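Trainee: My numbering numbers the first residue of the sequence shown as 1 and each following residue consecutively.
Glycine included, C-beta positions come from ideal geometry on N, C-alpha and C.
Since we're looking at a predicted model, the values are computed, not measured.
Pasting a structure below so you can have a look.
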Amino acid sequence: MLDTPNASRTQEGDKAQPRRRRSQAERTEETRRRAIDAAIRCLSRDGYTATTTIRVAEEAKISRGGMLHHFPTKTDLIVAVAEDVSRRLHEQRKARLMEVQSGIERFRALTGATWETSQGAEEMTLLEIMMASRGDAELAGRLPDVAQRLDDYQYDGTLRIAKSAGITTEPLVKAMHTLHQAAMRGLAIELLFAKDRADVEAAYDLLRWYKDRVIERMQAESAG
1 MLDTPNASRT QEGDKAQPRR RRSQAERTEE TRRRAIDAAI RCLSRDGYTA
51 TTTIRVAEEA KISRGGMLHH FPTKTDLIVA VAEDVSRRLH EQRKARLMEV
101 QSGIERFRAL TGATWETSQG AEEMTLLEIM MASRGDAELA GRLPDVAQRL
151 DDYQYDGTLR IAKSAGITTE PLVKAMHTLH QAAMRGLAIE LLFAKDRADV
201 EAAYDLLRWY KDRVIERMQA ESAG
């Protein structure tokens, strides 16, 4: 049987195209990503103490030498995880807020967006790391900078949203932001132990009610 022109083109198209060789930077980033994702799974599943670099290397299917090359110590790995989940939390909250109309409605929605993301794997991982730092002097020396950067990102966003809603009482916005961050983390921890989730949800509803009252005060002071 003679090959037709179409058959020839099909045969040529079926030939495997050469794969582009990844750069060293791409391979390095992929390895780091696998290690960080594996560490998040280990922290969530096994807790901080059991999350060793050896266990993470096994979870990520990375050689121990490869793990040590990227993260010489457990602290290096955990700090990288904290930075990564901080970025994820910031982006998750930003995405949720962008779904809400700008102005006062978006400012109100800050509470809900923070609560939703506070129940996810990223926030739980960050809480696990924060609690672990109390008994790890090296981690305790490095983690505050990571936590401060996350808080700065989130507060800057909160302040921009407040100003777009016509709220100019910056000290009150800052106090509200600090209170809500602490309250959300506390409620997220409470969820781990509460026998009845409804009790925690009721506490969150009360926090949201307080937020509405604070907004009324902010609007009045900004208008004055």
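I think H177 touches Y155, with their Cβ atoms under 8 Å apart; what is that distance to the nearest whole Å?
Mentor: Sure, about 5 Å apart at Cβ, within 8 Å.
Trainee: What three-state label does DSSP hand Y155 in the structure shown?
Mentor: Three-state DSSP puts Y155 in a helix.
Trainee: Quick one: what's got a C-beta closer than 6 Å to Y153's C-beta in the same chain, skipping five residues either side?
Mentor: Excluding sequence neighbours, Y153 sits near H90.
Trainee: Verify whether the separation of the beta carbon atoms of T168 and I40 is less than 7 Å.
Mentor: No, these two residues do not count as a Cβ contact at 7 Å.
Trainee: Assign L206 to one of two classes, buried (16 or more other C-beta atoms within 10 Å of its C-beta) or exposed (fewer than that).
Mentor: The residue in question, L206, is exposed, as its Cβ has fewer than 16 Cβ neighbours within 10 Å.
Trainee: Please classify R197 as buried or exposed, where buried requires at least 16 other C-beta atoms within 10 Å of its C-beta.
Mentor: Exposed, since its Cβ has fewer than 16 Cβ neighbours within 10 Å.
Trainee: Any idea what DSSP makes of S102, helix, strand or coil?
Mentor: Residue state, collapsed to three classes: coil.
Trainee: Taking V85 as the reference, give the member of L68, G65, S44 with the closest Cα.
Mentor: With distances taken between Cα atoms, V85 lies closest to S44.
Trainee: Over the uninterrupted alpha helix (DSSP H) stretch that includes Y204, give me the two end residues.
Mentor: Unbroken alpha helix (DSSP H) run through Y204: 197-223.
Trainee: Do I104 and A182 have their C-beta atoms within less than 7 Å of each other?
Mentor: Not in contact: I104 and A182 (Cβ atoms no closer than 7 Å).
Trainee: Between the alpha carbons of F193 and P72, how many angstroms are there, rounded?
Mentor: In a straight line, the C-alpha of F193 is about 35 Å away from that of P72.
Trainee: When you compare only the Cα positions, how much space is there between M131 and R106?
Mentor: Distance between the alpha carbons of M131 and R106 is about 31 Å.
Trainee: Okay, do the segment 91-99 and the segment 63-79 touch, 3+ Cβ pairs below 8 Å being the bar?
Mentor: Verdict: no, contact absent.
Trainee: So D46 is in the alpha helix (DSSP H); what residue range does that whole segment cover?
Mentor: Residues 24-46.
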